[in-house]
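See structure below.
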Amino acid sequence: MKNQTKQGVLERAFRLSERHTDVKTEVIAGITTFMTMAYILAVNPNILSAAGMDRGAVFTATALASLVATLLMAGLADYPFVLAPGMGLNVYFAYTVVLQMGYSWEMALAAVFVEGILFIILSLTNVREAIFNAIPMNLKHAVSAGIGLFIAFIGLQNAKIVVDSATLVSFYPFKSSLDAGTFPSEGITVLLALIGILVTAILLVKNVKGGILWGILLTWVLGIVCELTGLYVPDAELGMSSVLPDFSTGLGVPSMAPTFLKLDFSSLMSFNFITVMLAFLFVDMFDTLGTLIGVASKADMLDKDGKLPKIRSALLADAVGTSVGAVFGTSTTTTFVESASGVAAGGRTGLTAVVSALLFGLSLFLSPIFLAIPSFATAPALIMVGFLMVTSILKVDLHDYTEAIPAYICLIAMPFMYSISEGIAMGVISYVVIHLASGKAKDKKISLLMYILAVLFVLKYVFL
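Under the working numbering, residues 1 to 464 are what the sequence shown spells out, in order.
Structure, rendered in structure tokens:
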């Protein structure tokens with residue numbers, strides 16, 4: 001009876017039936033999204049510690065920022081989008097702003113905080129919503145497909161299936177490993193990831209509920225078996241840690257004191273501070289828009305005009321999350337593209353986000369377990385979700401070259417330039433230029449904002 005009452009409350013709060021979902025599906029989707037994002041809890045502290053920040057404090061800040069921002073998304077927008085400190089932006093924070101440009105991490109946090117405040121203002125004044133609505137529908141479908149290729153590429157890299165080579169990238173060299181008379185642990189993880197891809201694919205073909213999540217867990221279990229039998233030997237120098245949970249340090253929550261409220265505004269009015277802040281703002285804005293467009297398109301959340309209902313609330317949650325994260329002591333908090341894994345698992349409401357948020361909170365106390373999930377176990381999920389998102393390209397009008405070519409440019413730019421925002425920039429610029437040069441601009445009634453965006457993107461490449 002109590003379970004029925006709880007389900008009734010959740011049904012009313014998230015309108016589950018209206019969106020053709022249920023509590024079980026939403027819970028599985030939330031767990032799935034968290035599992036594909038859990039790597040950020042290990043990766044973010046490692047990256048920001050290179051800038052001189054306390055690793056334990058950054059871990060706690062990362063988990064808390066993800067918890068707060070994701071709950072805001074669930075409460076304000078009721079969408080299955082999950083937020084956390086973004087990859088790419090944390091690398092820019094540590095390696096460019098601090099290590100290359102020579103600024104302190106305290107000043108970089110201040111820049112992130114100010115960026116978040118500006119983001120909030122832009123969200124409240126409809127600017128970001130107008131940008132979202134101005135992007136043509138065909139380009140939105142291309143963004144979704146491009147994100148699919150991008151996250152698949154990330155998955156291939158995380159699992160080391162794709163490695164650096166003289167041709168920029170190539171397949172992991174199994175033969176050379178075997179010729180040397182050894183099969184290193186790295187080769188085992190690649191093999192496990194490949195098995196995980198096939199297992200996940202089979203589960204999806206068979207329509208197994210939560211197939212993506214089961215794929216992650218089964219691949220992780222295989223990794224544990226390999227470590228226990230000696231086939232997989234952890235090697236810190238190769239970035240391969242133990243897949244067994246380590247409880248030797250207990251379950252305490254690391255103190256956030258070393259980074260909490262450590263913002264330095266002394267350079268607030270300097271040109272360099274403004275440049276750094278704008279760089280954060282620009283990348284964050286279009287990464288977020290790209291993620292919302294791509295994931296919402298795949299989940300059929302866009303209306304008949306290609307608009308996302310309650311987008312202002314979603315953008316506001318993202319913006320507030322950024323400033324809150326900076327106060328806690330972490331780089332820009334943003335909507336994660338891995339939210340697509342939860343959507344692919346059936347998540348359609350804010351309940352998915354709530355489940356993911358609670359798991360981020362739980363990770364504070366059970367960090368040894370969550371940090372033990374290796375990248376080769378989550379990689380199959382990213383690759384399979386990539387496939388599901390790439391199918392959006394079928395919705396593009398490929399017979400109209402003025403629509404298809406910009407969509408194609410947007411599609412390939414994301415993985416090749418390793419950036420969602422660069423893909424959007426290339427798509428917008430090429431869309432406007434091709435329509436103007438071919439004399440089709442008036443026929444398509446391109447919005448004024450599209451022209452403004454194209455000019456701004458060009459200026460970004462000139463000055464930033």
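Backbone N, C-alpha and C define an ideal beta-carbon position, used for all residues, glycine too. Source: prediction; values computed, not measured.
Distance between ALA134 and ARG312 (C-alpha atoms, nearest Å): 14 Å
Alpha-carbon to alpha-carbon, ILE28 and LEU208: Per the sequence presented here, residue 208 reads as Val, with Leu not at that position. Straight-line Cα distance between these residues: approximately 12 Å.
Through-space distance from PHE286 to SER421, alpha-carbon basis: 5 Å
Proximity test, ASP284 beta-carbon vs the ligand FAD heavy atom, cut-off 7 Å: Ligands in the displayed structure: none, and consequently the ligand FAD is not present.
Interface flag, ILE40 vs chain D, CB-CB below 8 Å: No chain D is part of this structure, which consists of one protein chain only.
Assigned secondary structure, THR349 (DSSP; H/G/I helix, E/B strand, else coil): coil
Residue from LEU41, PHE14 and HIS20 with nearest C-alpha to SER363: LEU41
Cβ-Cβ distance between VAL82 and MET35 below 8 Å: no
Integer-rounded CB distance, given that THR332 should sit under 8 Å from LEU109: With a Cβ gap of about 10 Å, LEU109 and THR332 do not count as contacting.
Close beta carbons around ARG55, own chain, < 6 Å, minus the five adjacent residues each side: PRO45 and SER49
Simplified DSSP assignment, three categories, for MET417: helix
Whole-number beta carbon distance between MET450 and VAL433, since they are thought to touch under 8 Å: The pair is not a contact, with the Cβ atoms about 11 Å apart (cut-off 8 Å).
Between the CA atoms of ILE202 and THR378 - distance to the nearest angstrom: 16 Å
Cβ pair count under 8 Å reaching 3, the segment 137–157 against the segment 311–331: no
Cβ pair count under 8 Å reaching 3, the segment 302–311 against the segment 341–359: no
Where the alpha helix (DSSP H) containing ALA372 begins and where it ends: No alpha helix (DSSP H) holds ALA372; DSSP gives it neither H nor E.
Proximity below 8 Å, CB of VAL68 to CB of VAL324: yes
GLU18 burial status per 10 Å Cβ neighbour count (16 or more: buried): exposed
SER438 (DSSP reduced to helix, strand or coil): coil
Three-state class that DSSP yields for ALA84 in the structure shown: strand
C-alpha gap between LYS444 and ASN138, whole angstroms: 12 Å
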